[in-house]
Amino acid sequence: MTAELAMPVPRISPFRRFLRWVSQWKTFSIGILITSLFVIAALFAPWIAPYPPDETDYNQRFAPPSLEHLMGTDEHGRDIFSRVLYGGQISLYVGIFSVVLSSLLGIPLGLTTGFFGGRYDNVVSRINDAFFAVPGILWAISIVAVLGPSANAALLALAVARLPVTIRLSRAAVISAKESEYVEA
Numbered sequence: 002m003t004a005e006l007a008m009p010v011p012r013i014s015p016f017r018r019f020l021r022w023v024s025q026w027k028t029f030s031i032g033i034l035i036t037s038l039f040v041i042a043a044l045f046a047p048w049i050a051p052y053p054p055d056e057t058d059y060n061q062r063f064a065p066p067s068l069e070h071l072m073g074t075d076e077h078g079r080d081i082f083s084r085v086l087y088g089g090q091i092s093l094y095v096g097i098f099s100v101v102l103s104s105l106l107g108i109p110l111g112l113t114t115g116f117f118g119g120r121y122d123n124v125v126s127r128i129n130d131a132f133f134a135v136p137g138i139l140w141a142i143s144i145v146a147v148l149g150p151s152a153n154a155a156l157l158a159l160a161v162a163r164l165p166v167t168i169r170l171s172r173a174a175v176i177s178a179k180e181s182e183y184v185e186a
């Protein structure tokens, strides 16, 4: 009886543990795989793309998909596959840095608002509510109209549209933590 209890528990290798996790979360794993492929393709666009994204060839206008042009060409003879790969880089830049900018501004503001409370909390919350009163897409369109169409204008527009949500979430987290029993002790 004691010999059975003394047997070592078999160790599962990290790779097998990963495979088990992937098999349990199939949909999530497929989504991560597809997203990773898009990110890798965008990051390695200079080495993957067969042509520069802005190279024109008017002899190849509206060419159908072929081995030479995987997705065909547009009205200026530019390779669509190359343009999609390089466009992915811009999308990653705008998406990542708009979240970073919104977080850098919104989290400290929400944390100080939730921590200090009082009149400061009231003023910041009313300003934040005013931002919520106007739809985020309207803020974004206004910013792009003022700054002009560019990746940086889109980045700023998305960051400003996301800012009120970031402030409110971080403020709520601080208020929730302040009221916990372990903080009061």
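Numbering-wise, the sequence shown is residues 2 to 186 according to this note's numbering.
We put the CB at the ideal spot given by N, CA and C, even for glycine.
Integer Cβ distance of residue i from residue j, believed to fall under 8 angstroms
i, j, result
"P171", "I108", "According to the sequence displayed, residue 171 carries Ser and not Pro. Yes, they are in contact, since the Cβ atoms of S171 and I108 sit about 5 angstroms apart, within 8 angstroms."
"A43", "L86", "6 angstroms"
"P53", "F82", "Going by Cβ atoms, the distance from P53 to F82 rounds to 12 angstroms, so no, they are not a contact pair."
"T57", "R79", "6 angstroms"
"I168", "L105", "At roughly 12 angstroms, the Cβ-Cβ gap does not stay under 8 angstroms, so I168 and L105 are not in contact."
"G89", "F39", "6 angstroms"
Closest Cα partner of residue i within the set the options
i, options, result
"V135", "A162, I176, A146", "A162"
"R262", "P165, D55, F116", "Only positions 2 to 186 of the chain appear in the structure, and residue 262 is not among them; the question remains open."
"I49", "N123, R21, R84", "R84"
"F117", "S92, A173, L102", "A173"
Buried versus exposed call for residue i [16 or more other C-beta atoms within 10 Å across all chains shown]
i, result
"H70", "buried"
"I142", "exposed"
"G96", "exposed"
"R12", "exposed"
"A155", "buried"
"S181", "exposed"
"G119", "exposed"
"G32", "exposed"
"S37", "exposed"
"G115", "buried"
C-beta atoms of residue i and residue j nearer than 8 angstroms
i, j, result
"S99", "L139", "no"
"S176", "L157", "Strictly speaking, residue 176 in this sequence is Ile, with Ser absent from that position. Against a cut-off of 8 angstroms, the Cβ pair of L157 and I176 comes out as no contact."
"S30", "V23", "yes"
When you compare the segment 68-88 with the segment 121-132, are there three or more beta-carbon pairs, one atom per stretch, that lie closer than 8 angstroms? Short answer: they don't touch.
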